[in-house]
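All remarks here apply to the structure that follows.
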Amino acid sequence: MAAAARGLGAPVKEIECQECGATVSVEPQAQTVTCPFCRSQKVLPREATSNLIRPESVVPFKVDKAAANSAFGQWIGKLWFRPGDLKKMAQLQELGGVYIPFWTFDAQAYSRWTAEAGYHYTETETDSEGNDRQVTKTRWQHASGSRSDFYDDTIVCASKGLPETLVDRFRSWSTSELVPYQPSYLAGWAAESYVIDLPGGWTIGQQKMEASQHSRCASDVPGDTHRGLHVQSSFSNVTFKHVLLPIWIAAYRYGDKPYQFLVNGQTGEVVGLAPWSIWKITLFVLLIIASIVLIVVLTR
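Residue numbers (the numbering used here): 16 to 315.
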């Protein structure tokens, strides 16, 4: 840790959003007046942070702004139960490309598990009227086992401006396209400083690996079903990388609340948040209820 390179390796200007708390690095000559995450104009310059671990790798932007804008329009157009003026609102927003900080972790996992394995079987029972019926029952037996798995590039978002629950909707990143970081990759782009530090990132990464190990151990339990699964996992040979991944961000406001739409700058995949229309949802529910009532009346 002490020997890790620090800073971005180039002169930058940092701005801090007073609304969402994100810290973004831009070129010294950039005249940024809005936060790329929440579109707030409440941004203040701050002294550039030089003690953060320097990115080791970066995935350059492959999806251009025109393609990202097109994806935005298609996404907005496919939404159901949204306010009628949302499409007009979305057309007024500007997409901004930002390099988002992530941690990736490699680790060797070893897990031991215990559970009760259930085996289904059928018995014939006779009711009080003498009628036979087949009844399915379960026989429970103790089971245990272990397994070892290697995790390569488990990704943890270290952003302040983007909620992890939204970023995690991206199905995958191709970390095979990571290239060694050079400050020149940031030319013309904003880059967010990480807020989740390395220990915090590993805590999240370990939780993800533990959840995966629990699922894998569950698939190892024999029988037709199981209960009482208990998994103990340990991790060794843990390594990390600080990487920057490309995301196009459309942050817009509807009423007083900010919403975000993201385009994966590597793959073009889209995820986003948008307000619901209570009136449209209520009308839809009422139509369903009316249809059910009509069917009941007609079938009597």
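Yeah, the Cβ is synthetic: ideal placement off N, Cα and C, and Gly gets one too.
{"Asked": "Under the DSSP definition of a beta bridge, which residues are partnered with Ser248?", "Found": "Ser126"}
{"Asked": "Report the rounded CA-to-CA distance for Ala37 versus Gly176, giving the unit in angstroms.", "Found": "5 Å"}
{"Asked": "With a cut-off of 9 Å, does the C-beta of Ser174 fall near any C-beta of chain C?", "Found": "Here there is only one protein chain, and chain C is not present."}
{"Asked": "Should Tyr114 go down as buried or exposed, given a rule of 16 or more other Cβ atoms within 10 Å for buried?", "Found": "buried"}
{"Asked": "Do three or more CB pairs link the stretch 245 to 265 to the stretch 277 to 284 at distances below 8 Å?", "Found": "yes"}
{"Asked": "Give the DSSP-derived three-state secondary structure of Pro116 in the structure shown.", "Found": "strand"}
{"Asked": "Report back the beta-carbon spacing between Lys28 and Pro60 to the nearest angstrom; my notes put them in contact at under 8 Å.", "Found": "7 Å"}
{"Asked": "By the DSSP assignment, the beta strand (DSSP E) with Thr169 in it spans what residues?", "Found": "147 to 172"}
{"Asked": "Reducing DSSP to helix, strand and coil, say where Cys232 ends up.", "Found": "helix"}
{"Asked": "To the nearest angstrom, how far is it from the Cα of Gln275 to the Cα of His241?", "Found": "41 Å"}
{"Asked": "Using the Cβ count rule (16 or more neighbours within 10 Å means buried), how would you classify Gly203?", "Found": "exposed"}
{"Asked": "Below 8 Å on the Cβ atoms is my guess for Ala205 versus Ser40; work out the distance and round it to an integer in Å.", "Found": "7 Å"}
{"Asked": "From Ile91 to Ser85, what distance separates their C-alpha atoms?", "Found": "10 Å"}
{"Asked": "How many whole angstroms separate the CB atoms of Asp168 and Asp121, which I take to be in contact at a CB cut-off of 8 Å?", "Found": "7 Å"}
{"Asked": "Given a threshold of 16 other Cβ atoms within 10 Å of its Cβ, counted over all protein chains shown, does Met16 qualify as buried or as exposed?", "Found": "For Met16, the predicted structure reports a pLDDT of 41, less than 50, and the residue's modelled location is therefore unreliable. The matter cannot be settled from this model."}
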